[in-house]
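This is the structure in structure tokens:
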């Protein structure tokens, strides 16, 4: 499956060439967001390796990498300098603290409704 920019270019090829994706058009509706992207991003940021992150999450490496790339596309920003050494960009460092807060909030909001009813 290929994800294409509006211009028809392959997004993944652009990322691998270290090109910054275009910022999302504010007039377009927000595309569907996946909370798993946050988990993948945070684990990769912590371990600095896709393989170690995928092992820690219990997911396939390709899924973790795809999640990070999808999050970058959704944000319109590159979060890692490259997908080999995995150093966070300035945008990635800024987003990391917000991602932790968002994931914690999702977990907190889910906890009361997952508790069995008395």
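In my numbering, the protein residues as written are 189 to 306. No residue lacks a Cβ here, since even glycine has one placed at the ideal position from N, Cα and C. Owing to the predicted nature of the structure, the values given are computational and were not obtained by experimental measurement.
- By the Cβ criterion, the region 222-240 is in contact with the region 281-291, since at least three pairs of Cβ atoms, one from each stretch, lie closer than 8 Å.
- By the 16-neighbour rule on beta-carbons within 10 angstroms, residue 238 is buried.
- Annotated three-state conformation of residue 276 is strand, per DSSP.
- If you compare the alpha carbons of 268, 260, 302 and 245 with that of residue 219, the shortest gap goes to 260.
- Judged by their CB atoms, residue 274 and residue 284 are not nearer to each other than the 8 Å cut-off.
- Here residue 246 is exposed: its Cβ has fewer than 16 other Cβ atoms, across all protein chains shown, within 10 Å.
- In the structure shown, residue 221 adopts coil according to DSSP, grouped into three states.
- Check the Cα spacing between residue 254 and each of 299, 222, 287 and 235: the tightest is with 222.
- In terms of Cβ geometry, residue 279 and residue 266 form a close pair [threshold 8 Å].
- Secondary structure note for residue 239: its alpha helix (DSSP H) is the uninterrupted segment 238-245.
- For residue 299, the number of other beta carbons within 10 angstroms of its own is below 16, and it is reported as exposed.
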